[in-house]
Amino acid sequence: MIYSNTQKEIGNKIETNTGVNRWKDWKWQLKHSIRSVDSFEYLTGIRFTAKEKEELKRTFQKFPLSITPYYLSLIDKTNYKNDPVFKQAFGGVKELTVLPSELSDPLAEDKDSPVEGITHRYPDRVLFHVSNICAMYCRHCTRKRKVGDIDYIPTKEQLKIGIKYIADNPQVRDVLLSGGDPLMLPDEKIDWLLSEIHKIDHVQIIRIGTRIPVVLPYRVTPYLVSILKKYQPLWINTHFNHPKEITESSREALAMLADGGFPLGNQSVLLADVNDCPRIMKSLVHKLVENRVRPYYLYQCDLSEGLSHFRTPIGKGIEIMESLIGHTSGFARPTYVIDAPGGGGKIPVMPNYIISWSTNKVVLRNYEGVITTYQEPDSYKSKFCDRNCDDCKLELNLNECEEPDSVGIEKLLSDSCDTISLIPENNTRIQRRDEND
Numbered sequence: 002m003i004y005s006n007t008q009k010e011i012g013n014k015i016e017t018n019t020g021v022n023r024w025k026d027w028k029w030q031l032k033h034s035i036r037s038v039d040s041f042e043y044l045t046g047i048r049f050t051a052k053e054k055e056e057l058k059r060t061f062q063k064f065p066l067s068i069t070p071y072y073l074s075l076i077d078k079t080n081y082k083n084d085p086v087f088k089q090a091f092g093g094v095k096e097l098t099v100l101p102s103e104l105s106d107p108l109a110e111d112k113d114s115p116v117e118g119i120t121h122r123y124p125d126r127v128l129f130h131v132s133n134i135c136a137m138y139c140r141h142c143t144r145k146r147k148v149g150d151i152d153y154i155p156t157k158e159q160l161k162i163g164i165k166y167i168a169d170n171p172q173v174r175d176v177l178l179s180g181g182d183p184l185m186l187p188d189e190k191i192d193w194l195l196s197e198i199h200k201i202d203h204v205q206i207i208r209i210g211t212r213i214p215v216v217l218p219y220r221v222t223p224y225l226v227s228i229l230k231k232y233q234p235l236w237i238n239t240h241f242n243h244p245k246e247i248t249e250s251s252r253e254a255l256a257m258l259a260d261g262g263f264p265l266g267n268q269s270v271l272l273a274d275v276n277d278c279p280r281i282m283k284s285l286v287h288k289l290v291e292n293r294v295r296p297y298y299l300y301q302c303d304l305s306e307g308l309s310h311f312r313t314p315i316g317k318g319i320e321i322m323e324s325l326i327g328h329t330s331g332f333a334r335p336t337y338v339i340d341a342p343g344g345g346g347k348i349p350v351m352p353n354y355i356i357s358w359s360t361n362k363v364v365l366r367n368y369e370g371v372i373t374t375y376q377e378p379d380s381y382k383s384k385f386c387d388r389n390c391d392d393c394k395l396e397l398n399l400n401e402c403e404e405p406d407s408v409g410i411e412k413l414l415s416d417s418c419d420t421i422s423l424i425p426e427n428n429t430r431i432q433r434r435d436e437n438d
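So for the sequence shown, this note's numbering puts the first residue at 2; every next one is plus one.
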């Protein structure tokens with residue numbers, strides 16, 4: 002095995018002359034996670050002033066420190082204050098600044114939780130919190146309220162509550178396993194959990210959200226992949242924020258997952274002074290697709306407590322999307338979204354390419370600034386839809402797909418009702434909250 006000089010140095014400092022030989026043992030990595038300023042200084046050679054240490058001590062009392070030796074080894078010690086890995090992993094006193102607009106639960110996940118472990122926000126899918134443990138504590142974490150539960154893993158009996166809710170709600174066709182990190186569960190528990198969800202007939206898709214390939218790539222083992230392969234279709238979303246995180250080890254982990262047959266996506270968070278640069282983001286998406294990972298979302302940083310120093314104006318995200326649309330492959334472009342505070346869900350925010358339109362013509366612009374027109378079809382006959390599908394002449398053999406009642410903007414556009422204005426109160430999601438109060 003070939004290790005970098007930094008990996009050898011850190012490994013042998015952890016266990017004199019032998020540590021590097023266990024470097025790729027993921028359990029060894031977790032056992033020796035860096036959880037104190039003193040350990041960080043010892044292993045990196047970086048030194049902080051007495052004032053900085055006091056500030057860091059106050060920060061980590063509220064938001065703990067936890068870095069894997071692997072991720073620590075990626076920090077540029079000669080320029081650590083500007084290093085994107087350091088900024089995501091180590092934190093600082095800025096995290097103690099909590100603005101009035103910041104919330105402990107900005108996405109209202111707890112309010113949209115009908116039973117323990119389940120967040121049910123969208124009609125046909127649920128998020129299942131299966132662990133509060135992560136391989137590393139990321140400083141930009143949106144679930145900072147759960148930091149105090151870093152050693153909490155739900156028991157099987159607790160997980161069965163969530164599984165029962167999924168089984169009892171046939172509209173749920175998509176289950177996203179999240180946390181914490183689902184891949185931090187023991188292999189046997191992952192196998193059991195996937196097996197139980199896979200047995201539910203109306204669940205069509207299982208997804209796993211994980212940062213393991215970024216911060217602990219050695220957790221992706223052939224045995225783990227063999228377990229996951231039993232429960233296709235299984236989708237896996239990773240969380241790379243900077244091209245520097247795509248290392249030889251992370252590439253190996255991604256290759257194992259891709260070769261296992263899992264569609265891979267990536268969800269990045271836009272972070273000030275980390276990746277808020279069109280060149281950095283273009284490099285990231287290119288490296289992702291090179292490793293068979295499709296950029297899925299670019300998130301505006303959430304309004305969680307202590308994250309104001311990470312947030313950028315929305316205009317910076319628009320600028321980045323302008324630099325990608327038309328300038329690289331379509332499948333290399335994520336969707337830029339804001340996860341609405343209060344639980345409104347993900348709202349796409351994109352550059353505007355429609356300049357104007359009339360009854361028969363649309364005026365558009367392209368990425369170069371070229372302005373063009375699209376002629377609407379004169380022959381198109383508007384189809385009145387009253388949702389009486391039995392009399393419809395379109396092919397509606399949709400393999401038992403159910404037609405849900407229209408809601409929101411879809412309802413205003415529908416011909417099947419006479420609603421002329423929208424007052425979004427007492428929708429299904431809010432009713433579900435009321436029922437669980």
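Where is the CB? At the ideal position from N, CA and C, for every residue including glycine.
Let me confirm a value: residue i is counted as buried when at least 16 other C-beta atoms fall within 10 Å, else exposed. Which label applies?
i	result
Asn276	buried
Gly327	exposed
Cys393	exposed
Glu110	buried
Arg59	exposed
Gln432	exposed
Ala90	buried
Glu158	exposed
Ser102	exposed
Cys386	exposed
Pro183	buried
Phe61	buried
Gly210	buried
Leu160	buried
Pro335	buried
Going by beta-carbon coordinates alone, are residue i and residue j separated by less than 8 angstroms?
i	j	result
Val204	Gly163	no
Tyr337	Val350	yes
Val226	Met257	yes
Leu128	Leu195	no
Gln30	Tyr219	yes
Arg212	Ala136	yes
Ala254	Val221	yes
Ile134	Gly181	yes
Arg36	Leu73	no
Phe241	Leu285	yes
Glu323	Pro352	yes
Ser114	Ile68	no
Arg430	Arg122	yes
Using alpha carbons as the reference points, say which of the options lies closest to residue i.
i	options	result
Asn428	Lys95, Glu197 and Pro124	Pro124
Lys347	Thr313, Asp303 and Val363	Asp303
Gln268	Val294, Ser250 and Leu229	Val294
Tyr108	Leu97, Leu100, Thr120 and Gly93	The sequence shown places Leu at residue 108, rather than the Tyr named in the question. Checked all of Leu97, Leu100, Thr120 and Gly93; the closest Cα to Leu108 is Thr120.
Pro342	Thr143, Asp182 and Glu249	Thr143
Asp379	Arg208, Ser359 and Pro335	Ser359
Lys32	Leu184, Phe241 and Pro70	Pro70
Gly93	Ile237, Asn18 and His310	His310
Lys145	Leu395, Val99, Gly210 and Ser305	Ser305
Val301	Glu436, Ile319 and Tyr4	Residue 301 is actually Gln in this sequence, not Val. For the residues Glu436, Ile319 and Tyr4, the minimum Cα distance to Gln301 belongs to Ile319.
Ser330	Lys412, His287 and Tyr138	His287
Thr98	Tyr81, Glu56, Lys88 and Gly118	Glu56
Val371	Asn170, Tyr354, Cys139 and His130	Tyr354
Arg140	His130, Ala259 and Lys88	Lys88
Lys78	Lys52, Asn18 and Thr7	Thr7
Can you name, in chain order, every residue of its own chain whose Cβ lies under 7 angstroms from the Cβ of residue i, other than the five neighbours on each side?
i	result
Lys245	Leu75, Pro85 and Val86
Gly167	Reading off the sequence shown, one finds Ile at residue 167, where the question assumed Gly. The residues are Val127, Val173, Val176, Ile198, Ile201 and Val204.
Gly262	Lys230 and Gln233
Ser357	Val364
His243	Pro85, Val275, Asn276, Ile281 and Leu285
So, for residue i: in the same chain, excluding its five sequence neighbours on each side, which residues have a beta-carbon less than 6 angstroms away from its beta-carbon?
i	result
Lys317	Asp277
Leu186	Ser132
Thr313	Leu271, Ala273 and Asp277
Lys190	none
Ile321	Pro279 and Met282
Trp27	Leu217, Tyr219 and Arg220
Gly266	Asn238, Arg295 and Tyr297
Lys95	His310
Lys9	Val21
For residue i, I'd like the list of residues in its chain whose CB is within less than 8 angstroms of its CB, leaving aside the five on either flank, ordered along the chain.
i	result
Lys112	Asp106, Gly344 and Arg434
Thr374	Lys362, Val363, Val364 and Leu365
Arg252	Asn292
Thr156	none
Lys54	Val38
Phe41	Ile35, Ile47, Leu66, Ile68, Leu73 and Phe91
Q) Which residue spans inside the stretch 18-105 form an unbroken alpha helix (DSSP H) run of at least 4? A) 27-32, 38-45, 51-63, 70-73 and 85-90
Q: Please list the segments of the beta strand (DSSP E) lying wholly inside the stretch 107-192, counting only runs of 3 or more residues, in order along the chain.
A: 119-123, 126-130 and 175-179
Q: Mind listing, in chain order, the continuous beta strand (DSSP E) runs of no fewer than 3 residues lying wholly within the stretch 196-253?
A: 206-210 and 235-239
Q. Can you list, in chain order, the stretches of the alpha helix (DSSP H) that have 4 or more residues and sit fully within the stretch 315-384?
A. 315-325
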